[in-house]
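One structure is given here, and the rest of the page talks about it.
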RNA sequence: CGGGGUGUAGCGCAGCUUGGUUAGCGCGCCUGCUUUGGGAGCAGGAGGCCGGUGGUUCAAAUCCACUCACCCCGACCA
């Protein structure tokens with residue numbers, strides 16, 4: 002591709018609204034342009050990268066036996082009403098009406114649609130299992146779009162949905178997808194973790210997230226460096242360093258203290274001069290039926306709603322103003338003499354602790370000398386908090402490590418949640434109608450682009466891995482006004498084309514420095530430079546983007562080097 | 001949704017407090033000459049209803065009200 006016939010517009014200056022390096026680089030190198038908050042255009046250069054990512058995803062999905070198709074982005078509301086997600090999904094879904102007032106949405110995901118298609122087209126176990134995928138635009142009206150295409154409102158995703166007649170086939174496909182995603186991320190040279198994860202709104206019972214490590218990531222993960230365990234921060238079970246230790250202090254008498262205005266742990270801790278880990282935090286949760294549950298936590302711990310929901314088995318909501326009766330502000334709640342209609346569950350973190358402080362269930366009063374089981378009952382003990390530094394791996398009891406990252410892929414075992422709701426059934430061997438057993442597997446294609454930049458850049462710009470670089474080689478003629486250099490570089494360019502080298506030929510009549518800077522910013526892996534040394538000694542200069550190393554080679558050698566370099570650096 | 005901030009040339013910004021020339025500067029863009037191995041120099045030039053609407057005033061980029069867009073922080077913690 003000749004530079005002058007292509008379309009590249011790099012920016013010398015930093016755009017004003019960048020928040021992280023990768024976003025700034027995507028804008029400056031002209032990969033993307035912002036159209037509105039969370040909405041971006043992929044410019045020709047970015048589009049080439051996107052296509053290459055898509056192709057890797059496509060190749061690996063095909064290799065794993067999945068079949069590509071394309072569903073509409075716009076979907077009728079009735080499918081979503083049938084699955085009951087029309088109401089569950091909330092404001093994150095873009096909704097619209099057609100001219101005759103029929104409701105539609107711009108698909109944030111495609112479970113409903115694919116399940117409907119399976120309902121239409123799959124009748125017998127003989128047609129199972131099957132794994133269908135598409136590479137599609139998705140729409141999600143994010144609370145707060147940010148970091149460019151890392152968290153956009155319109156983005157490109159590969160989503161696959163599997164249908165099988167039994168759990169074994171689902172497991173097989175799930176494992177294949179796990180391998181498939183690992184291969185994709187390996188081909189992109191990314192550092193990642195596959196962690197156990199929560200299933201969220203999509204529903205289902207078992208899932209893994211593929212997380213790319215990055216300090217700017219919005220997801221937290223924990224892992225154990227010795228046994229290889231890793232999990233989403235929210236999900237992670239853990240062992241406690243002090244779990245077994247029993248406080249052997251003498252239990253002191255329960256007494257009431259006047260603690261005006263201490264509605265949170267911090268102010269209470271300061272007021273009473275008691276460390277937060279000796280205070281019982283009492284949090285009230287309400288389920289859909291209005292039943293209230295109290296969760297007891299150590300004061301320095303945070304409530305993990307996901308774990309609570311899993312434990313209780315229902316969607317829960319936090320009460321944040323006052324108790325159900327409305328006459329006690331929430332900061333003065335405690336387990337002692339709590340309303341008996343409220344079930345009390347307690348986090349392991351307060352087990353074995355003596356002489357604690359807790360709310361007195363009386364406005365502006367707390368209790369000191371609170372002891373279990375002397376002063377209050379616990380219906381059940383459980384894990385309702387997040388792991389913290391110092392907590393141990395459940396499997397091998399070594400200390401857990403924490404990392405931040407970007408979620409790039411998510412695979413789920415859905416089971417029959419959608420097929421049941423949407424009556425998607427097949428006739429099994431035994432002649433009975435059964436709902437499809439489903440799985441779903443998503444990977445963020447456009448997000449990968451940003452995530453790769455996030456992991457692979459230096460002070461000069463992007464450092465693309467060979468597999469998705471917009472071009473492999475940047476052919477740079479040092480001075481287009483020099484007749485001999487001009488002629489030579491034209492010849493070299495056609496020679497590269499004949500050798501099917503993915504080359505960008507920068508034949509602009511600008512100074513060499515401009516071409517070098519642009520090439521580095523855009524992140525093309527190899528520069529081939531035609532200068533005086535070629536005219537005089539027939540030597541080209543080859544410079545790698547990765548480490549800046551330079552070689553002086555003849556044309557023949559250069560062509561060979563480029564081919565070898567590509568093979569060596571692509572998995 | 002709550003709090004804060006910003007809208008002036010394609011991009012980055014100054015001017016606004018204290019209203020009053022032809023609204024500036026840097027980058028980029030166009031023309032010409034020189035230059036040509038890491039974002040060149042000189043000369044000339046194009047490009048703005050100062051986010052929008054309404055008001056105050058003899059006079060508004062500047063003051064007031066409303067509105068729109070964009071950005072940041074938070075929206076789970078007793």
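Residue numbers (the working numbering): 2 to 572. We put the CB at the ideal spot given by N, CA and C, even for glycine.
* Asked: Between which two residues does the alpha helix (DSSP H) harbouring residue 450 extend?
  -> 446-456
* Among 358, 290, 178 and 298, the one whose alpha carbon lies nearest that of residue 260 -> 358
* Closest by CA to residue 524, which one among 57, 29 and 3? -> 29
* Taking only the alpha-carbon atoms, compute the straight-line gap between residue 104 and residue 96 and give it to the nearest angstrom. => 7 Å
* Asked: What is the C-beta distance between residue 512 and residue 5, in whole angstroms, given that I count them as a contact (C-beta under 8 Å)?
  -> Wrong, their Cβ atoms sit about 16 Å apart, outside the cutoff.
* Asked: Quick one: what's got a C-beta closer than 7 Å to residue 87's C-beta in the same chain, skipping five residues either side?
  -> 78 and 81
* To do: Answer with buried or exposed for residue 75, where buried requires no fewer than 16 other C-beta atoms within 10 angstroms of its C-beta.
  => exposed
* **Limits of the beta strand (DSSP E) - the one that residue 99 falls within** => Here residue 99 belongs to no beta strand (DSSP E), and DSSP marks it neither H nor E.
* To do: Express the C-alpha separation of residue 60 and residue 454 in angstroms, rounding to a whole number.
  => 22 Å
* Asked: How is residue 1 classed by DSSP in three states: helix, strand or coil?
  -> The structure shown has nothing for residue 1, since the chain only spans 2 to 572.
* **DSSP three-state assignment for residue 59, whether helix, strand or coil** => helix
* To do: List the endpoints of the continuous beta strand (DSSP E) containing residue 481.
  => Counting along the chain, residue 481 falls outside any beta strand (DSSP E), and DSSP gives it neither H nor E.
* How many angstroms separate the CA atom of residue 481 from the CA atom of residue 475? -> 15 Å
* Rounded distance between the beta-carbons of residue 269 and residue 319, thought under 8 Å -> About 19 Å; that fails the 8 Å criterion.
* Expressed to the nearest angstrom, what Euclidean distance is found between the alpha-carbon atoms of residue 519 and residue 507? -> 10 Å
* Helix, strand or coil for residue 292 per DSSP? -> coil
* 8 Å contact criterion, which residue 53 and residue 468 should meet: CB distance rounded -> 7 Å
* Between residue 348 and residue 415, is the Cβ-Cβ spacing less than 7 Å? -> no
* With distances taken Cα to Cα, identify the nearest neighbour of residue 458 among 562, 27, 9 and 398. => 27
* Residue range of the alpha helix (DSSP H) that includes residue 515 -> 513-523
* Asked: For the 8 Å Cβ check, are there 3 or more pairs between the segment 169-187 and the segment 393-407?
  -> no
* Is residue 385 helix, strand or coil when you go by DSSP? -> coil
* To do: Return yes when the Cβ of residue 46 is within less than 7 Å of the Cβ of residue 9, no when it is not.
  => yes
* Asked: Alpha carbon to alpha carbon, what distance is there between residue 13 and residue 545?
  -> 22 Å
* Asked: Where does residue 441 fall in DSSP's three states?
  -> strand
* Going by alpha carbons, who is nearest to residue 89 out of 289, 379 and 409? -> 289
* Report all residues from its chain with a CB closer than 7 Å to the CB of residue 175; omit the five preceding and five following residues, and keep chain order. => 412, 414 and 440
* To do: Measuring alpha carbon to alpha carbon, tell me which of 442, 403 and 548 ends up nearest residue 68.
  => 442
* Could you tell me whether the Cβ atoms of residue 93 and residue 212 are closer together than 7 Å? => no
* To do: Kindly give me the distance between the Cβ atoms of residue 384 and residue 308, rounded to whole angstroms, as I take these residues to be in contact under 8 Å.
  => 6 Å
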